[in-house]
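Have a look at the structure below, then the notes.
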Amino acid sequence: GTTVISFEAVCRAINDFAFEKYKTPIILSLENHCSKDNQKIVAKIFREVFGDKLLYPSFAPDDKTLIRLPSPKHLYEKIILKGKVSRSTGGSSSLGPQNEEIPQMKNRPSRKGKFSPIRKKLSQRVSRVPLGQKALLFLRRGKLMKRAGELRGAVDNDLVSMLYLRSLKIKAEPKSLAAAFEKGDARNMTSFPDNMMDGFIDPGKYCAYNTKIMSRIYPNPVSPKSWVSANFSPIKTWMVGVQCAALNYQTYDIPMQVNDALFQQNGGSGYVPKPDFLLDPDNPFDFNNAKNDRRMRPVSLKVRIISGQHFQFPKPTSTSIDPYVVIQVIGIPIDKKAGATDVVIENGFNPVWNQSFDFEIFCPELAFLHLQVIDKDETMQNTVLAYYCIPVNCIRPGYRHIPLKRVTDGKIVGSHCSLFCYFQRDPL
Numbered sequence: 019g020t021t022v023i024s025f026e027a028v029c030r031a032i033n034d035f036a037f038e039k040y041k042t043p044i045i046l047s048l049e050n051h052c053s054k055d056n057q058k059i060v061a062k063i064f065r066e067v068f069g070d071k072l073l074y075p076s077f078a079p080d081d082k083t084l085i086r087l088p089s090p091k092h093l094y095e096k097i098i099l100k101g102k103v104s105r106s107t108g109g110s111s112s113l114g115p116q117n118e119e120i121p122q123m124k125n126r127p128s129r130k131g132k133f134s135p136i137r138k139k140l141s142q143r144v145s146r147v148p149l150g151q152k153a154l155l156f157l158r159r160g161k162l163m164k165r166a167g168e169l170r171g172a173v174d175n176d177l178v179s180m181l182y183l184r185s186l187k188i189k190a191e192p193k194s195l196a197a198a199f200e201k202g203d204a205r206n207m208t209s210f211p212d213n214m215m216d217g218f219i220d221p222g223k224y225c226a227y228n229t230k231i232m233s234r235i236y237p238n239p240v241s242p243k244s245w246v247s248a249n250f251s252p253i254k255t256w257m258v259g260v261q262c263a264a265l266n267y268q269t270y271d272i273p274m275q276v277n278d279a280l281f282q283q284n285g286g287s288g289y290v291p292k293p294d295f296l297l298d299p300d301n302p303f304d305f306n307n308a309k310n311d312r313r314m315r316p317v318s319l320k321v322r323i324i325s326g327q328h329f330q331f332p333k334p335t336s337t338s339i340d341p342y343v344v345i346q347v348i349g350i351p352i353d354k355k356a357g358a359t360d361v362v363i364e365n366g367f368n369p370v371w372n373q374s375f376d377f378e379i380f381c382p383e384l385a386f387l388h389l390q391v392i393d394k395d396e397t398m399q400n401t402v403l404a405y406y407c408i409p410v411n412c413i414r415p416g417y418r419h420i421p422l423k424r425v426t427d428g429k430i431v432g433s434h435c436s437l438f439c440y441f442q443r444d445p446l
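Numbered per this note's numbering, the sequence shown spans residues 19 to 446.
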């Protein structure tokens, strides 16, 4: 099981190591399920542990809007808190009714063997549902958990005074987005499930919305993908200007590989500037019409996969490798294209392909070249041996040795495991 760790210990670990490698600011998103008394303790720990690193709101509490947030360059070694705020000066919150008595949770006893009435009711429901139908209970479970959240009470004003970013709960519909956009308060940050991106919202209007207000997209909790911690493609959020794509870091799949590639282009500091065409609210980017957008700088990319070196066996019991390379451009819909080399039989040491692939890319700012080395197996499932992913705008022309990475964690496989390729990039 997971070792119990105190909230203060977590804060001290963040304080000690947050800026050891990079000075860019850290945003802590608070899931507040504490009573008001415990929230006061939380606020005290923040104040004592983070000290001058904690970024307090510099604007007056009664300010109606904040037009623009400061640049990360101006917030080096700062810790930013994001969370829900009170609806009124009395400290009431969207977490629950104003007049309801708030139970104290400070120094609560162990839960072992003890269940709240709500939790017991949920447990009884689950026990009566056949195994194959338990997934459907997730749809009704939210009502019970919402009631549990209400009992935890309001947001404490002391903690609210530390929140630089405020969670804004709105519906993903044109009317609600338009109202928030007109208000234009840059302190607000909205969160939506990733299925909202699949035709539920006008991409142009959402792109304009994201020029003023921060957005976060997270995996849809009722999607079958979430049950296995699979990820959505972050590109579908980036191409409408979303600032934060929340992925399941425990699953290192292709979306995570693309996410790593985006942020590695400036050393992994955690912040990458948006392309200019995503910053104009009066002319929002339409990825379905990128071919006719004059702001695009389309390129032709030619990749010749010449050879490979020192591929590692997929299993200790393996005696040979039959490698081939899958190459694809991942980007906006019009830029997606894939191909594959021939299979080289029983040669994982120095296979030679010498095969070329041509791509026309209309939005290189949001395009990534993804390479996978795969072991062909006629009797069992093919095995991905290694990969490499790079933003198209970061590709240097000429002959290049590409160091391959492990598909489990993105670390370099070894100093000699690589692909030898030729790259040529020209404007269209």
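By construction, the Cβ of each residue, glycine as well, lies at the ideal position given by its N, Cα and C atoms.
These figures come from a predicted structure and were not determined experimentally.
- request: Can you tell me which of the three DSSP states residue 401 falls into?
  value: strand
message: For residue 477 and residue 226, I'd like the C-alpha separation in whole angstroms.
response: The requested residue 477 is not part of the displayed model; the chain covers only 19 to 446.
- request: Check residue 113 in the structure and name its three-state DSSP category.
  value: Residue confidence for residue 113 is low, a pLDDT of 32 falling below 50, so the modelled location carries little weight and cannot support an answer.
query: With burial defined as no fewer than 16 other Cβ atoms inside 10 Å of the residue's Cβ, what is the status of residue 413: buried or exposed?
result: buried
message: Just to confirm the assignment, what range does the beta strand (DSSP E) spanning residue 416 have?
response: 416-421
Candidates 214, 383 and 394, of which the one nearest residue 233 by Cα: 214
- request: Compute the Euclidean distance between the alpha carbons of residue 384 and residue 347, then round it to the nearest angstrom.
  value: 10 Å
- request: Could you tell me whether the Cβ atoms of residue 351 and residue 305 are closer together than 9 Å?
  value: yes
Residue 9 classed as buried or exposed, judged by whether at least 16 other C-beta atoms fall within 10 angstroms: As displayed, the chain neither begins before 19 nor continues past 446, which places residue 9 out of reach and without an answer.
- prompt: Between the Cα of residue 216 and the Cα atoms of 196, 206, 251 and 183, which residue gives the shortest distance?
  reply: 251
- request: Starting from residue 224, follow the alpha helix (DSSP H) in both directions and report where the run begins and ends.
  value: 221-227
- request: Decide if the segment 374-383 is in contact with the segment 312-323; the criterion is three or more beta carbon pairs, one per stretch, under 8 Å apart.
  value: yes
- request: Please report how far the alpha carbon of residue 75 lies from the alpha carbon of residue 96, in whole angstroms.
  value: 12 Å
query: Just how far apart, CA to CA, sit residue 439 and residue 88?
result: 42 Å
task: Check each candidate in 391, 401 and 379 and name the one with the smallest Cα separation from residue 409.
output: 379
- prompt: So what does residue 263 bridge to, in DSSP terms?
  reply: 235
query: Can you tell which of 339, 38, 203 and 239 has the C-alpha that lies nearest to the C-alpha of residue 212?
result: 239
task: Count the C-beta pairs between the segment 274-284 and the segment 363-371 that are closer than 8 Å, then say yes if the count reaches three, no if not.
output: no
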